[in-house]
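Below: one structure, written as structure tokens.
Chains as they are written, first to last, in this note's numbering: chain A, 958 to 1119; chain B, 24 to 443.
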């Protein structure tokens, strides 16, 4: 699976309160949550983000609350994947469980808002269009890719039962 | 080669003789917990899967605590989803109104979480129960759905960092200050994916409330779980409360730790975590002059009777500063009743405080004490990220109940000694 998208760059320690503020936790409807995606990190984000865009961040993305609403909002906002130096553990699990592709890359400092990246999930290779450079990351293991392809843990389980 | 306490509990729940850090294991769950924010998604996934019954009516615990009493129509609708599910299923441990409270204060109080247990909860502060010598970890709603159906969940066995606290505690310094100091030392991701084990003579002498405060904030250092070896204090706490058998497991003497960190607590004064990260700590003497607008005394971190008693001790006979709103939130019905019976409410009301029913409320910027742009709060809660308690341009300073109470009187961040 490959995606190409425009970068939206964030910093370190972006917590889930910023990704999906508590005042919107009175719903779990993905379409509604999408409208408030990243609102307290960048208030206009939901209005600016386009299909396949990529969120790029520093260390410890998704820290804080376990709210699954955070990766749900990001996916529903049509973001194709999140690339960060590393992720908080509950957010990491939640992303795979909800079918949001995520990747760990040490070199996210080199990418800026507006840049274009192509991400190959099978090989873990990221191509930075502005420089032509490629970056190797640890690819997502096949069984986790299946999870993502199915659209998340529960859909994956349902498929297997069928 | 021996196992750490975390490794032992995981091994016991997988039917394995031993596990090592890095192993991927499938473990049987003793308790699976959800609340009014996280359970609706889990219930939806549960129903979509075609599952009919939860794996065990006594091992799925549902607590409505974040937005209750219902804060608005949407929250009421979410709560109704959980209420209806609990009723349809026949969930034994469902808490809503009447006998209720903040989940991580309620479950230990009710004897629902015990030494040697393996607990998962769709709430990041599920790590709290590690204070009882259990393996307890936060997960998301989908993992909760999977656990509700199968009674099992997969885990990667974490490495353990052992923290040893030695020396003599200074006045007004307790569990909150020890954990803030620790997070200030290692950073918000300093224990990423690891087990934090708290030990040493200072911990042995700490009461259960102080221990629960410490393990509660293991999540704020990125940990998978926080844990304290059970001892006489643990046994005294659980004996009368336990509804089922428990296991006072201990680490092997030759257990391997990824790191061992020692702290001499005699150098630690009451801590304040400045905006906007729990790691941004400094001692009360280095706070400077910071006027405030609100104080919150409560939460799963510091809403227990011991915390309210400490706050009452500081505030007794004094008045809340005219520019400050003090909101006191006993964490459970039993604590609320105890505070009433012990005369604490009279002390708080005489001081000019507002007393709330048990709720998570303001901690996560839900309700019951939200901050406007430019406002500052001192809070006994566990997070102070941007916008955590309201406007993105508001500020939250984390502290222990004594510092919070003193600050409410002084109108600025203060230690107890400044107002007593």
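Ideal Cβ placement from N, Cα and C applies to all residues, glycine included.
Task: CA-to-CA distance, residue 272(B) to residue 31(B), given in whole angstroms - done: Numbered from its first residue, the second chain carries residue 31(B) at position 8. Numbered from its first residue, the second chain carries residue 272(B) at position 249. Here the alpha carbon of residue 31(B) sits roughly 8 angstroms from the alpha carbon of residue 272(B).
TODO: Please check if any C-beta of chain A sits within less than 8 angstroms of the C-beta of residue 411(B).
DONE: Within the second chain, the letter at position 388 stands for residue 411(B). Judged by the 8 angstroms Cβ criterion, residue 411(B) is in contact with chain A.
Open item on the list: Taking 8 angstroms as the threshold (beta carbon to beta carbon), is residue 1055(A) in contact with chain B?
Closed with: Start at 1 with the first residue of the first chain, and residue 1055(A) comes out as number 98. So, interface residue.
Task: Rounded C-alpha distance that separates residue 351(B) from residue 393(B) - done: Looking up residue 351(B) in the second chain gives position 328. Looking up residue 393(B) in the second chain gives position 370. Each residue's alpha carbon lies about 14 angstroms from the other.
TODO: Please name the residue or residues paired with residue 57(B) in a DSSP beta bridge.
DONE: Along the second chain, one-based indexing puts residue 57(B) at 34. DSSP output for residue 57(B) lists 85(B) as bridge partner(s).
Open item on the list: Rounded to the nearest angstrom, what separates residue 132(B) and residue 89(B) at their Cα positions?
Closed with: One-based indexing of the second chain puts residue 132(B) at position 109. One-based indexing of the second chain puts residue 89(B) at position 66. Separation of residue 132(B) and residue 89(B) (C-alpha to C-alpha, rounded to the nearest whole angstrom) is 18 angstroms.
- [ ] Could you work out which residues of chain B lie near residue 1110(A), taking near to mean beta carbons separated by less than 9 angstroms?
- [x] For the purposes of this step, residue 1110(A) is taken as residue 153 along the first chain, with counting starting at 1. In chain order: 68, 165, 166, 168 and 169.
Task: Alpha-carbon spacing of residue 1067(A) relative to residue 1102(A), whole angstroms - done: For this step, residue 1067(A) is matched to residue 110 along the first chain. For this step, residue 1102(A) is matched to residue 145 along the first chain. Distance between the alpha carbons of residue 1067(A) and residue 1102(A): 26 angstroms.
- [ ] Output the residue ranges of the beta strand (DSSP E) runs that lie fully inside the stretch 89 to 133 of chain B and measure 3 residues or longer, sorted by chain position.
- [x] With a minimum length of 3 residues, the continuous beta strand (DSSP E) runs that stay inside the stretch 89 to 133 of chain B are 116 to 118.
- [ ] Could you list which residues in chain B have their beta carbon closer than 8 angstroms to that of residue 962(A), in chain order?
- [x] Taking the first chain and counting its residues from 1, the one referred to as residue 962(A) is at position 5. What residue 962(A) touches in chain B: nothing, since even the nearest Cβ is about 25 angstroms away.
- [ ] Using a Cβ-Cβ cut-off of less than 7 angstroms, give me the residues of the stretch 372 to 402 of chain B that come near chain A, in sequence order.
- [x] Residues are counted here when their Cβ sits less than 7 angstroms from a Cβ of chain A; for the stretch 372 to 402 of chain B these are 387, 388 and 389, given in chain order.
Open item on the list: Strictly under 8 angstroms for the Cβ-Cβ distance: is residue 468(B) near chain A by that measure?
Closed with: There is simply no residue 468(B) to check, as chain B begins at 24 and stops at 443 in what is shown.
Task: chain A within 8 angstroms of residue 417(B), Cβ atoms only - done: Taking the second chain and counting its residues from 1, the one referred to as residue 417(B) is at position 394. False, the Cβ-Cβ gap to chain A never drops below 8 angstroms.
Open item on the list: Within a Cβ cutoff of 7 angstroms, which residues of the same chain sit near residue 1091(A), ignoring the five residues on either side of it in sequence?
Closed with: For the purposes of this step, residue 1091(A) is taken as residue 134 along the first chain, with counting starting at 1. Here residue 1091(A) has 1082, 1083 and 1084 as same chain residues with Cβ atoms under 7 angstroms from its own Cβ, once five neighbours each way along the sequence are excluded.
Task: Sequence-distant residues of its chain with Cβ nearer than 6 angstroms to residue 183(B) (five each side left out) - done: The residue labelled residue 183(B) in the question sits at position 160 within the second chain. Excluding sequence neighbours, residue 183(B) sits near 27, 29, 218, 220 and 280.
Task: Contact belief for residue 37(B) with residue 50(B) at Cβ below 8 angstroms, rounded distance in angstroms - done: Position 14 of the second chain, counting from 1, holds the residue named residue 37(B). Position 27 of the second chain, counting from 1, holds the residue named residue 50(B). Confirmed, about 5 angstroms.
- [ ] May I ask which residues mark the beginning and end of the beta strand (DSSP E) holding residue 1038(A)?
- [x] Translated into positions along the first chain, residue 1038(A) becomes position 81. Taken as a continuous stretch (DSSP letters only), the beta strand (DSSP E) holding residue 1038(A) covers 1038 to 1041.
- [ ] Could you pull out every unbroken beta strand (DSSP E) segment of at least 3 residues lying fully inside the stretch 228 to 258 of chain B, listed in chain order?
- [x] Qualifying beta strand (DSSP E) stretches, in chain order: 248 to 250.
Task: Where the stretch 321 to 338 of chain B meets chain A: residues whose CB sits under 9 angstroms from a CB there - done: Within the stretch 321 to 338 of chain B, no residue has its Cβ closer than 9 angstroms to any Cβ of chain A.
Task: Host alpha helix (DSSP H) of residue 1103(A) (start-end) - done: Residue numbering aside, residue 1103(A) sits at position 146 when the first chain is read from its first letter. Taken as a continuous stretch (DSSP letters only), the alpha helix (DSSP H) holding residue 1103(A) covers 1099 to 1107.
Open item on the list: I'd like to check one pair, residue 179(B) with residue 45(B): are the Cβ atoms closer than 8 angstroms?
Closed with: Position 22 of the second chain, counted from the first residue, corresponds to residue 45(B). Position 156 of the second chain, counted from the first residue, corresponds to residue 179(B). Yes, the Cβ-Cβ distance between residue 45(B) and residue 179(B) is below 8 angstroms.
TODO: Look up residue 382(B) in the DSSP assignment and say whether it is helix, strand or coil.
DONE: Here residue 382(B) refers to the residue found at position 359 when the second chain is read from its first residue. When DSSP states are grouped into helix, strand and coil, residue 382(B) belongs to the coil group.
Task: C-beta neighbour in chain B for residue 1107(A), strict 8 angstroms - done: As a working note, residue 1107(A) is residue 150 in the first chain. Residue 1107(A) has a beta carbon lying at 8 angstroms or more from every beta carbon in chain B.
TODO: Run the CB neighbour count on residue 973(A), radius 10 Å, all protein chains shown included, and call it buried at 16 or more, exposed below.
DONE: Indexing the first chain from 1 puts residue 973(A) at position 16. Around the beta-carbon of residue 973(A), 16 or more other beta-carbon atoms lie within 10 Å, marking it buried.
Open item on the list: Quick check: is the beta carbon of residue 1017(A) nearer than 8 angstroms to any beta carbon in chain B?
Closed with: For the purposes of this step, residue 1017(A) is taken as residue 60 along the first chain, with counting starting at 1. At least one chain B Cβ lies under 8 angstroms of residue 1017(A).
Open item on the list: Taking 8 angstroms as the threshold (beta carbon to beta carbon), is residue 525(B) in contact with chain A?
Closed with: Any answer about residue 525(B) is impossible in this case: the structure gives chain B only from 24 up to 443.
Task: Terminal residues of the beta strand (DSSP E) in which residue 271(B) lies - done: What you label residue 271(B) is simply residue 248 of the second chain in a count that begins at 1. First-last for residue 271(B): undefined, no H or E at that position.
Open item on the list: For residue 359(B) and residue 365(B), what's the separation of their Cα atoms in angstroms?
Closed with: The residue given as residue 359(B) occupies position 336 in the second chain. The residue given as residue 365(B) occupies position 342 in the second chain. A direct Cα-Cα distance of roughly 10 angstroms separates residue 359(B) from residue 365(B).
- [ ] Would you please verify whether the beta carbon of residue 188(B) is less than 8 angstroms from any beta carbon of chain A?
- [x] In the second chain, the residue the question calls residue 188(B) occupies position 165. So, not an interface residue.
TODO: Below 8 angstroms on the Cβ atoms is my guess for residue 295(B) versus residue 188(B); work out the distance and round it to an integer in Å.
DONE: Locating residue 295(B) in the second chain gives position 272, where the first residue counts as 1. Locating residue 188(B) in the second chain gives position 165, where the first residue counts as 1. Incorrect: roughly 19 angstroms between the Cβ atoms, too far for contact.
- [ ] Determine the DSSP secondary structure at residue 984(A), reduced to helix, strand or coil.
- [x] Numbered from its first residue, the first chain carries residue 984(A) at position 27. Correct three-state label for residue 984(A): coil.
Task: Neighbouring residues, chain B, relative to residue 1047(A) (Cβ below 8 angstroms) - done: Counting from 1 along the first chain, the entry for residue 1047(A) is found at position 90. Below the 8 angstroms Cβ cutoff, chain B contributes 147, 161, 162 and 163 as neighbours of residue 1047(A), in chain order.
Open item on the list: To be precise: take each residue of the stretch 240 to 252 of chain B, compare its Cβ to all Cβ atoms of chain A, and keep it if any distance is under 9 angstroms. Which residues remain?
Closed with: In summary, the residues of the stretch 240 to 252 of chain B whose CB is separated from some CB of chain A by less than 9 angstroms are 242, 243, 245, 246 and 247, in the order they occur in the chain.
Open item on the list: Quick check on the DSSP output: what are the complete alpha helix (DSSP H) runs of length 4 or more inside the stretch 307 to 381 of chain B, in order along the chain?
Closed with: The qualifying runs are 322 to 325, 328 to 338, 356 to 364 and 367 to 374.
Task: As assigned by DSSP and simplified to three states, the class of residue 297(B) - done: As a first step, residue 297(B) is located in the second chain; it is residue number 274 there, counting from the start. The answer is coil: DSSP assigns residue 297(B) none of H, G, I, E or B.
Task: Nearest-angstrom Cα separation, counted from residue 982(A) out to residue 1055(A) - done: As a working mapping, residue 1055(A) is identified with position 98 in the first chain. As a working mapping, residue 982(A) is identified with position 25 in the first chain. When rounded, the separation of the alpha-carbon atoms in residue 1055(A) and residue 982(A) is 17 angstroms.
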